[in-house]
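*Asks:* I am attaching a structure below and will ask some questions about it afterwards.
Number of protein chains: 4
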Amino acid sequence: MTVRNEDQSETYGLATSAGDLAASYRAVRAETERRAAPLSPEDQCVQSMPDCSPAKWHRAHTSWFFETFLLTPHLDGYTPFDPSFTYLFNSYYEAVGPRHARPQRGMLTRPSADAIAAYRAHVDAAMATYLQTRLPPDQRALVELGLAHEQQHQELLLTDILHAFSINPTRPAYEVVAAPAPRDPPPLDWIQHAGGLYEIGYEGLGFAFDNETPRHTTYVRAFKLATRPTSVGEYLDFIEDGGYRDASLWHSEGWALVQQEQLEAPLHWVRDGDGWLRFGLHGLRPLDPGEPVAHLSWFEASAFAHWTGARLPTEAEWELGLVKLDLPEPGFAAHPRQMESTRAFGDVWEWTASAYAPYPGFSPEPGAVGEYNGKFMINQQVLRGRSCFTPAEHARLTYRNFFPPSARWQVSGFRLARDA
Amino acid sequence: MTVRNEDQSETYGLATSAGDLAASYRAVRAETERRAAPLSPEDQCVQSMPDCSPAKWHRAHTSWFFETFLLTPHLDGYTPFDPSFTYLFNSYYEAVGPRHARPQRGMLTRPSADAIAAYRAHVDAAMATYLQTRLPPDQRALVELGLAHEQQHQELLLTDILHAFSINPTRPAYEVVAAPAPRDPPPLDWIQHAGGLYEIGYEGLGFAFDNETPRHTTYVRAFKLATRPTSVGEYLDFIEDGGYRDASLWHSEGWALVQQEQLEAPLHWVRDGDGWLRFGLHGLRPLDPGEPVAHLSWFEASAFAHWTGARLPTEAEWELGLVKLDLPEPGFAAHPRQMESTRAFGDVWEWTASAYAPYPGFSPEPGAVGEYNGKFMINQQVLRGRSCFTPAEHARLTYRNFFPPSARWQVSGFRLARDA
Amino acid sequence: MTVRNEDQSETYGLATSAGDLAASYRAVRAETERRAAPLSPEDQCVQSMPDCSPAKWHRAHTSWFFETFLLTPHLDGYTPFDPSFTYLFNSYYEAVGPRHARPQRGMLTRPSADAIAAYRAHVDAAMATYLQTRLPPDQRALVELGLAHEQQHQELLLTDILHAFSINPTRPAYEVVAAPAPRDPPPLDWIQHAGGLYEIGYEGLGFAFDNETPRHTTYVRAFKLATRPTSVGEYLDFIEDGGYRDASLWHSEGWALVQQEQLEAPLHWVRDGDGWLRFGLHGLRPLDPGEPVAHLSWFEASAFAHWTGARLPTEAEWELGLVKLDLPEPGFAAHPRQMESTRAFGDVWEWTASAYAPYPGFSPEPGAVGEYNGKFMINQQVLRGRSCFTPAEHARLTYRNFFPPSARWQVSGFRLARDA
Amino acid sequence: MTVRNEDQSETYGLATSAGDLAASYRAVRAETERRAAPLSPEDQCVQSMPDCSPAKWHRAHTSWFFETFLLTPHLDGYTPFDPSFTYLFNSYYEAVGPRHARPQRGMLTRPSADAIAAYRAHVDAAMATYLQTRLPPDQRALVELGLAHEQQHQELLLTDILHAFSINPTRPAYEVVAAPAPRDPPPLDWIQHAGGLYEIGYEGLGFAFDNETPRHTTYVRAFKLATRPTSVGEYLDFIEDGGYRDASLWHSEGWALVQQEQLEAPLHWVRDGDGWLRFGLHGLRPLDPGEPVAHLSWFEASAFAHWTGARLPTEAEWELGLVKLDLPEPGFAAHPRQMESTRAFGDVWEWTASAYAPYPGFSPEPGAVGEYNGKFMINQQVLRGRSCFTPAEHARLTYRNFFPPSARWQVSGFRLARDA
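If you read the sequences in order, they're chains Y, S, X and L. In case it helps, full-length UniProt numbering puts the first sequence at residues 1 to 420. In case it helps, full-length UniProt numbering puts the second sequence at residues 1 to 420. In case it helps, full-length UniProt numbering puts the third sequence at residues 1 to 420. In case it helps, full-length UniProt numbering puts the fourth sequence at residues 1 to 420.
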């Protein structure tokens with residue numbers, strides 16, 4: 001299901017051949033339900049902080065997208081499942097009208113998880129009909145966007161339930177499996193990259209978000225990029241060397257956060273006597289030094305880099321550097337896996353030094369779906385790659401994820417760069 | 001199940017005769033389950049503001065009381081259902097140890113509602129065994145306290161789910177019944193009461209909370225007391241006369257609240273064009289002028305009284321005045337009922353002019369249960385009577401309920417008093 | 001300048017004989033300026049928390065009272081000093097119109113301290129003219145109220161600058177004098193008081209605030225009252241015995257405050273190695289065990305009483321008990337003085353067990369000045385007596401001061417009571 | 001006093017020839033005092049929001065810099081003026097030790113404005129001695145840094161007192177002068193710039209901040225840049241066209257700010273019936289359509305650009321575009337002046353599309369002064385140019401000013417760019 005784009009080496013993209021769209025739709029929708037299946041009705045209802053959303057809400061909002069942008073305008077005779085859902089499950093689309101306040105999403109005990117299942121079935125049945133017809137290109141593109149959008153929410157469904165479980169004193173596990181024996185990561189290596197004019201960004205036939213375009217020229221100085229993300233063991237060294245107590249390593253805003261929140265380790269690390277456990281979808285476990293470190297804010301990634309004398313890569317460096325590697329194609333995992341080779345990639349999102357801004361010549365999609373990316377292009381940092389929660393078909397090397405630099409509840413790590 | 005106490009005219013009290021304790025236990029516990037039955041697992045999990053608790057939590061905490069104070073110390077061989085519940089379902093008993101933070105109660109998606117049902121069954125089975133034995137008086141008193149405590153939570157379970165439903169845009173109904181035709185209340189009448197030395201407070205054989213004791217002498221000036229609570233229709237007149245816009249009617253702190261929260265009507269009243277609807281456990285309905293007005297803060301009750309030139313009664317006036325009335329014995333209702341006679345009573349709690357303070361000579365119970373009442377005796381106002389949510393067996397004319405003057409989510413109304 | 005009121009033994013009151021009013025006016029106004037004199041223009045401008053006001057504001061607001069309620073309505077040809085001052089220096093009188101937001105009082109760098117001096121001179125000159133005329137009784141009463149009001153602000157001017165200086169790391173002293181040698185307080189003694197019907201409240205010819213009236217009958221049980229306030233040394237024992245770490249001694253709200261603010265001593269006590277210093281208008285000094293303890297919240301006073309097995313007196317008990325004592329008539333001091341006899345009184349306000357509520361039959365003054373007291377009769381506790389900052393002519397045994405139970409920046413201590 | 005740097009066309013820089021350093025020192029220090037002179041002691045003490053600092057604090061902190069980094073370590077026999085000043089007037093230099101909390105700077109009524117004048121004189125006298133010696137290059141550089149630092153605070157002193165005066169209901173004027181007749185701005189013109197590889201950043205002999213270096217290559221696409229900033233009149237059109245009510249023009253975070261703060265115009269614009277006045281250091285005045293619009297957040301600048309179909313320039317575009325213009329060399333003004341030609345420049349800082357990030361190859365200064373710029377390189381946007389408050393000798397075309405995108409209290413405007 002990946003697509004080779006000759007212009008930009010290997011990318012990971014959603015299938016776009018005409019016949020496959022209905023199959024893609026069914027596959028993506030089924031994956032959402034698969035991820036929600038281990039969750040009880042209560043688990044699916046809770047919102048543990050304003051940045052998170054209930055699992056039930058993710059399931060409904062992704063259906064709302066298809067209903068609002070495709071079925072209602074384009075399928076003759078379509079009857080919306082419930083008129084109130086337009087209000088309840090809009091997220092941030094101002095153009096579509098008023099919406100339920102984000103921090104109140106966890107208050108929606110009704111509609112129930114069962115009602116949401118019925119909503120999904122209703123939308124899926126109508127979409128099955130709709131996808132039998134030959135769609136004009138703009139509607140095809142909207143279906144693809146809707147599927148990519150749902151894949152994003154598949155990832156968020158897991159980061160959000162991880163957060164909810166993490167504040168439950170009983171520390172529930174989403175998936176129970178045996179832990180591998182902890183071991184050290186492979187040694188860190190560097191790849192040298194010459195300076196010069198390069199092109200980055202997406203330009204191909206497959207689906208990409210508008211923020212990955214246009215593909216454009218950029219000038220890059222020579223640099224070196226680490227061949228794998230920073231490991232749990234390396235990060236533990238930083239902690240034990242007093243990294244969280246040395247203001248000189250931190251940005252001013254990061255240091256304020258460290259002091260205010262009394263940070264001393266990544267999110268989901270739990271004190272255990274003198275050491276640490278980490279909480280994940282597998283429950284509470286001992287630290288494994290060979291995993292890529294995750295659940296870091298940009299501030300923590302940056303302070304670590306400062307501590308080593310290195311820095312974070314820009315997103316251009318990251319994209320150019322990674323294209324040269326022979327990357328694994330990791331599938332889903334409920335927690336970042338031990339790194340097995342120096343080419344490790346794909347189990348944690350990687351913070352970059354780049355602020356999230358429009359590419360030169362960027363223009364957002366017209367209409368409500370154009371609200372999708374551009375309106376968040378401030379006070380966010382770009383993350384590249386994918387995490388173990390990211391559906392494999394959703395990943396691309398040109399993909400631009402973004403979060404505020406203080407965000408820690410995502411599966412966010414980093415790899416180092418240096419001036420050459 | 002009520003008890004006549006010759007010293008203080010009719011009171012409403014819990015049966016205390018030895019043989020009835022097990023039956024009382026079963027009846028009270030069953031009532032809790034009956035009230036929770038219409039609620040889905042999600043409904044039972046949510047906490048819509050820090051003052052409220054999830055229905056599931058109410059069900060568990062009341063069981064925790066019996067487990068902690070009776071079964072664990074006094075029933076040989078008793079095994080606690082789950083050790084983590086001691087932490088999760090403690091409310092404010094500092095003496096029992098640390099507890100789950102109150103505002104986080106809604107985050108407990110696990111244990112599930114089913115697990116709580118199993119917890120209740122476990123406790124009930126053990127209590128059945130325990131109650132077969134002849135209990136020493138202090139343990140008997142603790143059982144009675146535990147039942148009275150559970151009855152309090154039966155009321156809170158409903159006020160809290162009402163609040164949760166009220167912020168759900170779909171406005172769910174807890175109970176669906178036909179609305180009676182709106183009608184006017186009976187005319188307001190006044191009962192004259194001579195000044196002098198009187199006794200108030202509880203002194204009898206039945207159960208009462210420590211804060212109702214000791215029965216003591218107090219001097220009261222002559223006064224007049226309204227024979228029924230203020231009605232919705234009368235309160236609507238106050239609103240329409242600009243009551244919420246006239247600072248001179250309000251206490252300084254109340255006026256600040258009116259401005260900050262932009263108050264313009266009781267809680268759960270909803271604008272409907274130029275008029276109002278009210279939300280309740282029966283869902284959204286037109287105003288009924290004949291109901292007693294409810295969901296008021298003390299500030300609103302006081303401003304209304306000021307507007308009429310009257311005042312709120314002290315709790316002594318209330319108790320002395322109500323004892324002289326021939327009161328109905330109202331049962332449960334999901335919303336305050338139309339008042340049918342000028343002796344209306346019992347569908348809304350009634351704010352008084354009295355701050356919640358210890359009676360002269362008051363001494364709290366020793367030990368953890370003594371934390372029950374005394375520690376809240378500051379910055380709260382006394383409410384007297386009962387509401388339509390109060391279990392009938394739980395009510396007494398000497399009962400002292402208390403809430404901060406800003407509280408609006410209780411079924412709180414008032415009746416007027418005047419100097420004679 | 002005190003007035004004997006046969007009904008209620010000795011009271012301390014403002015002179016009311018006709019000829020003295022102008023002299024009283026001049027004396028009170030001069031005292032305000034005397035208190036402000038040691039303060040720089042910057043000192044007079046700052047507002048260190050919303051509860052406090054700048055010294056300059058106190059000087060202006062007290063003048064505003066005379067201008068607004070007397071000169072503008074009653075002195076022919078009076079020209080207000082500056083029309084904007086009506087807005088700037090109104091405090092909480094809703095009836096007079098909008099006002100500058102209280103927490104913004106410290107932002108008024110202009111008008112300058114010099115401009116306020118000119119404002120005071122302008123008002124004083126007009127008042128001198130006005131007071132030469134024969135005033136109708138209601139205007140006389142308003143002048144007396146204005147003077148009592150200014151005396152209240154004389155006290156607040158000092159508590160507020162004490163707070164401002166306390167958060168300045170350079171710890172300035174308002175007045176530099178040598179400290180006496182620390183010594184122990186006189187032994188604590190108790191006076192027994194029989195139960196029965198008594199009268200409390202003000203009824204005399206002199207000035208009193210409306211909240212002290214009407215004098216009325218109350219029933220009091222037999223009690224014992226300490227002959228002096230609790231001392232610094234006694235309070236230190238409470239601290240060293242772990243009083244701030246034992247939840248069982250505290251009201252629920254008080255304990256929350258202890259934890260949230262990490263309280264471990266009275267306000268203005270400063271850690272000094274293992275011991276304590278206290279900051280006051282004399283600067284930083286060693287603790288003196290013989291002083292009455294001050295700058296306590298009601299919660300702290302109540303927790304101490306609980307620790308000793310005693311309690312706080314009601315305000316009726318306080319008034320009845322103190323009337324029987326042969327009290328000193330203390331003058332001004334910049335800090336509570338060592339207690340010299342067991343009849344110590346008057347250097348610290350004394351928290352009582354009574355919530356601030358209207359006396360039976362209370363009716364506030366009509367018009368704007370009637371906002372003075374009644375609108376604060378909720379969520380406040382009564383303090384009785386006077387402090388070393390209180391102008392001697394302002395004190396009465398019937399005086400009802402009031403603050404929220406969390407307030408600590410006043411010179412607030414307490415004396416103990418017991419059931420007899 | 002400007003320096004020609006052949007590599008980068010005209011720049012504005014501080015003189016660095018050896019003989020001039022003492023003269024520069026005297027000139028810069030005198031300018032600070034000149035700016036503070038119209039302010040009363042109270043004006044100099046107040047802090048109207050946490051982002052602002054008191055004028056007195058600016059005067060002291062700039063002296064603290066010379067005392068801490070030069071006199072104490074390098075001048076034999078130097079005695080610090082007051083040891084407590086190290087703590088009181090440190091700003092954010094973690095390496096120098098603890099410091100007075102920023103939001104509490106307005107509480108420092110002592111030391112007085114006079115004491116700060118004495119502090120400045122003490123430091124100036126010692127610096128005069130110190131600057132007579134031949135300084136090693138690193139100390140020379142520190143003196144230059146100290147002067148540039150003081151020039152920054154000269155600007156902040158004015159933006160901060162403007163904010164303080166703006167919340168004073170009496171609306172004081174810092175400087176009283178007659179207003180020119182309002183008039184329209186010159187027509188807006190565009191300069192075309194070819195795409196290609198260019199160099200930006202500072203590289204010369206004069207002083208520059210570390211964040212302007214290293215000069216480096218960057219690739220820029222063809223673009224057009226407006227020849228003058230956006231005017232008040234043009235911005236008023238945006239307001240009147242409903243710009244503040246159209247969510248589609250705004251970034252998500254900007255729109256949240258508009259709603260939360262109920263924004264409807266730039267900071268310091270004041271409703272006047274149906275129209276607007278603007279408050280400035282000249283007091284309240286009618287709008288002048290010919291001035292560059294100022295006191296905008298980045299969100300407002302960006303929304304305006306969106307409304308016109310244009311965009312903000314990147315900082316590279318701005319620097320490259322402005323270098324080609326024949327710019328005026330504006331001196332100080334207390335408010336942005338009417339634009340007289342299409343080459344208008346220098347009265348308002350200009351927001352750019354660029355996030356504040358290190359230039360490729362950037363390395364901060366070692367030691368405490370290295371905290372100066374790098375630690376703020378997150379969540380800030382770059383502003384270029386200078387404002388009417390900026391000392392002329394302080395400005396450079398390579399200068400990188402930065403503030404959070406929500407900041408409005410600076411003299412911040414913008415000019416438009418377009419893709420060519």
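Idealized CB from N, CA, C, for every residue including glycine.
#1: Under the three-state reduction of DSSP, which class applies to leucine 236 of chain L: helix, strand or coil?
#2: By the 10 Å Cβ neighbour count, where 16 or more other Cβ atoms means buried, how is glutamate 329 of chain S classified, buried or exposed?
#3: Tell me where the alpha helix (DSSP H) around residue 425 of chain L begins and ends.
#4: For glycine 354 of chain L, which of L/Gln381, L/Phe362, L/Gly374, L/Ser363 has the nearest alpha-carbon?
#5: To which residues of the same chain is serine 231 of chain Y closer than 7 Å at the C-beta, ignoring the five residues directly before and after it?
#6: Nearest CA to the CA of valine 177 of chain S: which residue from S/Glu33, S/Gln104, S/Gln47, S/Leu281?
#7: Determine the burial state of arginine 386 of chain L: buried for a count of at least 16 other Cβ atoms within 10 Å of its Cβ, exposed for fewer.
#8: So which residues of chain X does tyrosine 92 of chain S contact, with C-beta pairs closer than 8 Å?
#9: Give me the Cβ distance between leucine 147 of chain S and tyrosine 244 of chain S, rounded to the nearest whole Å; I'm assuming they're in contact under 8 Å.
#10: In terms of alpha-carbon separation, which member of X/Trp349, X/Asn90, X/Arg337, X/Ala316 lies closest to alanine 101 of chain X?
#11: According to DSSP, simplified to helix, strand and coil, what is phenylalanine 299 of chain L?
#12: Give the straight-line distance between the Cα atoms of phenylalanine 362 of chain X and leucine 39 of chain X, rounded to the nearest whole angstrom.
#13: Using a beta-carbon distance cut-off of less than 7 Å, what residues from the region 162–180 of chain L approach chain X?
#14: If we cut at 9 Å on Cβ distances, does tyrosine 87 of chain L have a partner in chain X?
#15: Does the CB of proline 405 of chain X have a neighbour CB from chain L at under 9 Å?
#16: For the region 97–112 of chain L, which residues have a CB atom closer than 8 Å to at least one CB atom of chain X, in sequence order?
#17: Apply the 10 Å Cβ neighbour rule to asparagine 5 of chain X and answer buried if 16 or more other Cβ atoms are within range, or exposed otherwise.
#18: Mind checking if serine 84 of chain Y is an interface residue toward chain S, Cβ cutoff 9 Å exclusive?
#19: From which residue to which residue does the alpha helix (DSSP H) around serine 40 of chain X run?
#20: For the ligand PLP, is there any heavy atom lying closer than 8 Å to the beta carbon of glycine 77 of chain L?
#21: Is it the case that the region 221–229 of chain Y contacts the region 342–354 of chain Y, given that we only count it when at least three CB pairs across the two stretches are under 8 Å?
#22: With 9 Å as the threshold, decide whether the Cβ of glutamine 192 of chain S is near any Cβ in chain C.
#23: For leucine 142 of chain X, tell me which candidate among X/Ser112, X/His74, X/Leu108, X/Ala164 has the shortest Cα-Cα distance.
#24: Under a Cβ-count criterion, where at least 16 other Cβ atoms within 10 Å of its own Cβ denotes burial, should lysine 375 of chain Y be classed as buried or exposed?
#25: Would leucine 14 of chain L be called buried (16 or more neighbouring beta carbons within 10 Å of its own) or exposed?
#26: With three or more C-beta pairs closer than 8 Å as the rule, is the region 41–54 of chain S touching the region 107–117 of chain S?
#27: Could you name the residues of the region 55–70 of chain Y whose beta carbon sits closer than 8 Å to any beta carbon of chain L, in the order they occur along the chain?
#28: In angstroms, rounded to a whole number, what distance separates the CA positions of alanine 316 of chain S and histidine 335 of chain X?
*Replies:* On the basis of the coordinates in this document:
#1: The answer is helix: DSSP assigns leucine 236 of chain L an H, G or I state.
#2: Exposed is the call here.
#3: Chain L is shown from 1 up to 420; residue 425 of chain L falls before or after that span and cannot be answered.
#4: The sequence as given places serine at residue 354 of chain L; glycine does not occur at that position. Among L/Gln381, L/Phe362, L/Gly374, L/Ser363, the Cα nearest to that of serine 354 of chain L belongs to L/Gln381.
#5: If we look at serine 231 of chain Y and ignore the five residues flanking it on each side, its Cβ neighbours are Pro185, Pro289, Gly290, Glu291, Pro292, Val293, Met339.
#6: When each option's Cα is compared against that of valine 177 of chain S, the closest is S/Leu281.
#7: So arginine 386 of chain L counts as buried.
#8: Within 8 Å Cβ-Cβ: Ser252.
#9: Not a contact, Cβ separation roughly 41 Å.
#10: Among X/Trp349, X/Asn90, X/Arg337, X/Ala316, the Cα nearest to that of alanine 101 of chain X belongs to X/Asn90.
#11: Here phenylalanine 299 of chain L sits in helix by DSSP.
#12: One C-alpha to the other measures close to 40 Å.
#13: For the region 162–180 of chain L, the set of residues with a beta-carbon nearer than 7 Å to any beta-carbon of chain X comprises Ala164, Ile167, Asn168, Pro169, Thr170, Pro172, in chain order.
#14: So yes, tyrosine 87 of chain L belongs to the interface.
#15: Under the Cβ distance rule, proline 405 of chain X does not count among the residues neighbouring chain L, no pair being separated by less than 9 Å.
#16: Answer in chain order: His100, Gln104, Gly106, Met107, Leu108, Thr109, Arg110, Pro111, Ser112.
#17: Because asparagine 5 of chain X carries a pLDDT of 29, less than 50, the predicted location of this residue cannot be relied on, and the following value inherits that uncertainty. Counting every other CB atom within 10 Å of its CB across the protein chains shown gives asparagine 5 of chain X a total of 16 or more, marking it as buried.
#18: It does: the Cβ of serine 84 of chain Y has a partner Cβ on chain S nearer than 9 Å.
#19: From DSSP, serine 40 of chain X is part of no alpha helix (DSSP H); its letter is neither H nor E.
#20: Ligands are entirely absent from the displayed structure, and the ligand PLP is therefore not among its contents.
#21: Verdict: yes, contact present.
#22: Of the protein chains in this structure, namely Y, S, X and L, none is chain C.
#23: Of the candidates X/Ser112, X/His74, X/Leu108, X/Ala164, the one whose C-alpha sits nearest the C-alpha of leucine 142 of chain X is X/His74.
#24: Around the beta carbon of lysine 375 of chain Y, 16 or more other beta carbons lie within 10 angstroms, which makes this residue buried.
#25: At leucine 14 of chain L, the pLDDT of 40 sits below 50, so the modelled position is not reliable and the matter cannot be decided from this model.
#26: Yes, the region 107–117 of chain S touches the region 41–54 of chain S.
#27: Along the region 55–70 of chain Y, none of the residues has a CB nearer than 8 Å to a CB of chain L.
#28: Taking the straight line from one Cα to the other gives about 42 Å.
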